[in-house]
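Residue numbers (numbering that gives the first Met the number 0): 0 to 130.
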Amino acid sequence: MTGEFIDGPGYFAKPFVFVDCTDDMTIMKEEIFGPVVAITKFKTTDEVIERANSSEYGLAAALFSSNITKATHVARKLQAGMVWINSNGDSDIHVPFGGVKMSGIGRELGSYALDMYTEHKAIHINLGLNH
């Protein structure tokens, strides 16, 4: 559906929508950015969780459902640094953001981000006089 590039300065594109995707397609296996959505069918919740978690990436996921209980169940099981339910891309500077697996190390935003700039060290000294 569309995927056309917009004429003019810069590199801008209209949203790309890929339908009937299969798990062996590059777009389903790699982490891509931009106005892109890849749509695939599934039969069970367990199947879709297993398929999503089989990726070596885990930056983020977006779920859209009228069943919030089921969506929350799926969100907890997904191996992703952030999961949106019925939204996409919104965030708060107080909430940590970052991926899992090959999608990054550590967290940005929130107090967890300070850990990226902190080195911890333990120094042990035996103060016993039993020499």
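Don't be surprised by glycine CBs; every beta carbon is placed ideally from N, CA and C.
Excluding residues up to 5 positions away in sequence, A61 lie with their Cβ nearer than 8 Å to the Cβ of S86 in the same chain. For W83, the closest of G98, F63, G97 by C-alpha to C-alpha distance is F63.
When the five nearest sequence neighbours on each side are left out, the beta carbons in the same chain lying within less than 8 Å of the beta carbon of A12 are those of G2, E3, F4, I5, G33, P34, in order along the chain.
E55 and M101 do touch by the CB rule: their CB atoms are close to 5 Å apart, below 8 Å. In the three-state DSSP reduction, K76 falls in the helix class (H, G or I). Under the three-state reduction of DSSP, M27 is assigned to helix. A121 counts as exposed, since fewer than 16 other C-beta atoms from the protein chains shown sit within 10 angstroms of its C-beta. When secondary structure is reduced to three states using DSSP, V94 falls in the coil class, being assigned neither helix nor strand.
Assigned with DSSP and collapsed to three states, K40 falls in coil, not helix or strand. In the DSSP secondary-structure assignment, F17 is bridged to A37. When the Cα atoms are used, K76 and I92 turn out to be separated by approximately 24 Å. The shortest CA-to-CA distance from I38 to any of D45, I48, I31, M27 is the one to M27. When DSSP states are grouped into helix, strand and coil, I48 belongs to the helix group.
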